[in-house]
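Heads up, the sequence shown is in UniProt numbering, so the first residue is 1 and it goes up one at a time. Even glycine gets a Cβ: it sits at the ideal position worked out from N, Cα and C. Remember, predicted model here, so these are calculated numbers, not experimental data.
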Amino acid sequence: MIRGFFRLIGLLLLAGGFIFMVYDGARWVADQTLKFTRFGQFWNDINQASQTAFRTWVEAKAPWLWTSVIRLVLDQPVFAVLGVLGILLLILFRPRKPLIGYSRD
Numbered sequence: 001m002i003r004g005f006f007r008l009i010g011l012l013l014l015a016g017g018f019i020f021m022v023y024d025g026a027r028w029v030a031d032q033t034l035k036f037t038r039f040g041q042f043w044n045d046i047n048q049a050s051q052t053a054f055r056t057w058v059e060a061k062a063p064w065l066w067t068s069v070i071r072l073v074l075d076q077p078v079f080a081v082l083g084v085l086g087i088l089l090l091i092l093f094r095p096r097k098p099l100i101g102y103s104r105d
């Protein structure tokens, strides 16, 4: 049951990534300038207070993590971050292959 739930979340993230890819592509066709929506900007648009609270929590635990890893993720396009997370969840929680010729006990 949990495996199916995480696969559903992965599919929804993958669909969200595709939606943002179409959104950025439509904006590129309309403006003739290629500008991707950044993940940090998207997070700020949804809830800015949660991003600042997350930043203070991470900097309190491990300050190097914010500057080296999380800032790098926040600067990536939304479709790439959502797509990678969705594919990762789909791969990690895929159904097990049945064993042929062996019994599961």
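Its Cα nearest to that of V81, the residue F42 stands out among T33, L34, G25 and F42. Secondary structure at R38: strand, using DSSP grouped into helix, strand and coil. By the neighbour-count criterion, in which a residue is buried when 16 or more other Cβ atoms sit within 10 angstroms of its Cβ, L14 is buried. The criterion of a C-beta distance shorter than 7 Å is not satisfied by F79 and G25.
Note: P77 is bridge-paired with R38 in the DSSP secondary-structure output.
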